[in-house]
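Protein chains in written order, with this note's numbering: chain R, -1 to 250; chain G, -1 to 250.
Backbone N, C-alpha and C define an ideal beta-carbon position, used for all residues, glycine too.
Since the model is a prediction, treat every value here as computed from it, not as a measurement.
Accompanying notes for the structure given below.
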DNA sequence: GGAATCCTTTCACCCATTGAAAACGTGCCT
DNA sequence: AGGCACGTTTTCAATGGGTGAAAGGATTCC
């Protein structure tokens, strides 16, 4: 064929098609899809039609493609997604009911975190996180917990890379961050005071699996002014322990 | 090649690999995966490795495959999954807080329904439904709402097929079901009294999109004895209307 | 040690996949 | 209306990623 031809595997192309969808682009025309996935238009068309036939994608009356319900169903079987959520929800509900603040659940994915669940009160501080969304590890409460208990290699890689600042209060100094992480491990919870947006403060605690490995973190996000991290910590830690216990014995 | 060779497309095989995972089989060995997806072992191996490399699957220390977090992230963009959930959660929280019973959110997928969200109280009636799980349309409260407002073809197809009974109280007579559906449309809510398990009763109401089409349903599931469907209905309907309003104006 | 089970790699054949190009719609502007 | 612009769908011959059989590793269990 005239051109060097990508030579990507079919599977890679199919995955690229799925990857083309982002929170900002949840509905794509065929042309957009092809361009974003970097495949030729006919190829995009053929693969996309197959994905639609199966239900991985859906096509609306506007002829735009969207992620399909069927894919969502299968994906909901992800152990770090649903299994965790299932165990955590009752405790998150309790936290929400007592405080009426934002309650978040996250896991680590490389050098970032992924929000697995979120309960946000109607009059709680607005947080701009999304279930399924990613965020850096060094700024949020949940992120600090996950980073503090991550394998050493991960921590070092994080400390070696430039730390992006989200607000004036974000910890961007590696030396300081190292201290913070040690604190988190010692105290058993993390506090992020205005490090994402200056008006929000979060308190987070680690959730462990049956092998005592930290696999997730829960947090409470409240308005920064007048917040008492020390008072919130026991609440969050108790919830985290409850979830940990539930993970150890999935039945009861 | 000895055998006629399936001739299935690569995409179909990849999707078959994903489809191999079910709520009962969330972790599969390569051999199991190959058998369930009906592909040869080497093929399963190659495709699965690619899926792992991308993050669609994960492979544990036990060398078993599981659905990966990355796939879950992408799938969370499904409009009927996350978008809906996002709009509905606050209202579902309200329902939960007031009643402390199970709150469910579901959409229709063909002749079945898919649960998109669920809040289950710790001391509420145990329900054996799962987020991401499917169920028949003719038994549950949400199902009756979705069926009552489904296109006529769907209703007729459902009424023409044998209606499975889940408990002694399940409506299995098409004639009776037709009446029930008319009732649901007239009253604006559905009641399923012990039709799934005899000890549970659910009250459900329709959620509409901007075009006034019913796209989902919320329900409250309570203990059957002593339940007052007529008293619960306004609560559920109010929540449903709230969600409908939110769907119409995603911002506010 | 030996057997059973599961996983991984190799190899030569070949069919599903591919891009260019052309046909098909559909809405918009003149 | 005509004609133009844009996005979508189909055709076709060439080909390279995909394929299963079979051999080679790696564990675990008796």
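In the three-state reduction of the DSSP assignment, residue 161(R) falls in the coil class.
DSSP places residue 89(G) in the uninterrupted alpha helix (DSSP H) bounded by 82 to 97.
Per the DSSP secondary-structure output, residue 71(R) pairs with nothing in a beta bridge. Chain order gives the chain G residues near residue 19(R) as 72 and 75, where near means a beta carbon separation below 8 Å. In the three-state scheme derived from DSSP, where H, G and I count as helix and E and B as strand, residue 191(R) is classed as strand. Residue ranges of uninterrupted alpha helix (DSSP H) with 4 or more members are absent from the stretch 94 to 140 of chain R; none lies entirely inside it.
With a minimum length of 3 residues, the unbroken runs of beta strand (DSSP E) contained wholly in the stretch 200 to 228 of chain R fall at 212 to 221. Of the candidates 164(R), 106(R) and 247(R), 106(R) places its Cα closest to the Cα of residue 204(R). Distance from residue 19(R) to residue 72(G) at the Cβ level is roughly 6 Å; contact confirmed, criterion being Cβ atoms closer than 8 Å. Taking C-beta separations shorter than 8 Å and ignoring five residues to either side along the sequence, the partners of residue 213(R) in its chain run 78, 82, 105, 205, 206, 207 and 245, following chain order. Residue 22(G): not part of any beta strand (DSSP E); DSSP gives it neither H nor E.
Assigned with DSSP and collapsed to three states, residue 6(G) falls in coil, not helix or strand.
Across the structure, residue 179(R) and residue 37(G) are spaced so that their CA atoms are roughly 47 Å apart. Of the candidates 141(G), 15(G), 12(G) and 8(G), 141(G) places its Cα closest to the Cα of residue 200(G).
For residue 219(R), no chain G residue has a Cβ inside 8 Å of its Cβ, as the nearest lies near 15 Å away. Residue pairing from DSSP places residue 198(G) in a beta bridge opposite 221(G).
Here the alpha carbon of residue 62(R) sits roughly 25 Å from the alpha carbon of residue 7(R). In this structure, 146(G) is the residue among 84(G), 80(G), 100(G) and 146(G) with its C-alpha nearest to the C-alpha of residue 110(G). Between residue 93(G) and residue 228(G), the C-beta spacing is not below 9 Å.
With contacts defined by Cβ atoms closer than 9 Å, residue 170(G) and residue 162(G) form a contacting pair. Residues of the stretch 4 to 35 of chain G with a C-beta atom less than 8 Å from some C-beta of chain R are 7, 8, 9, 10, 12, 13, 16, 17, 19, 20, 21, 24 and 25, listed in chain order.
With its beta carbon less than 9 Å from one in chain R, residue 94(G) belongs to the interface. Against residue 65(R), the close residues of chain G are 72, 73, 75 and 76, in the order they occur along the chain (beta-carbon pairs closer than 7 Å).
In this structure, the alpha-carbon of residue 67(R) lies about 8 Å from that of residue 56(R). Between the C-alpha atoms of residue 124(G) and residue 118(G) there is a straight-line separation of about 8 Å.
Around residue 185(G), the same chain offers no residue with a beta carbon nearer than 7 Å, after the five sequence neighbours per side are excluded. Residue contact with chain R for residue 117(G): present (Cβ-Cβ distance below 9 Å to some residue of chain R). Put simply, the CB of residue 99(G) is far from chain R, with every gap to its CB atoms at 9 Å or more. A distance below 8 Å between beta-carbons, with the five flanking residues on each side excluded, links residue 28(G) to the following residues of its chain, in chain order: 39, 42, 43, 46, 61 and 63. The Cβ of residue 186(G) sits no closer than 9 Å to any Cβ of chain R.
Proximity of residue 156(R) to chain G, defined by a Cβ-Cβ separation below 9 Å, is not satisfied. Secondary structure of residue 57(R) (DSSP, three-state): strand. Sequence-distant Cβ neighbours of residue 165(R) in its own chain, meaning closer than 7 Å and more than five residues away, are 192, 193, 194, 195 and 196.
The beta-carbon separation of residue 219(R) and residue 198(R), rounded to 6 Å, stays under the 8 Å limit for a contact. For a cut-off of 8 Å, the C-beta gap from residue 188(G) to residue 143(G) is around 5 Å, short enough to register as a contact. The alpha carbon of residue 23(R) has as its nearest neighbour, out of 76(G), 54(G), 51(G) and 5(G), the alpha carbon of 76(G).
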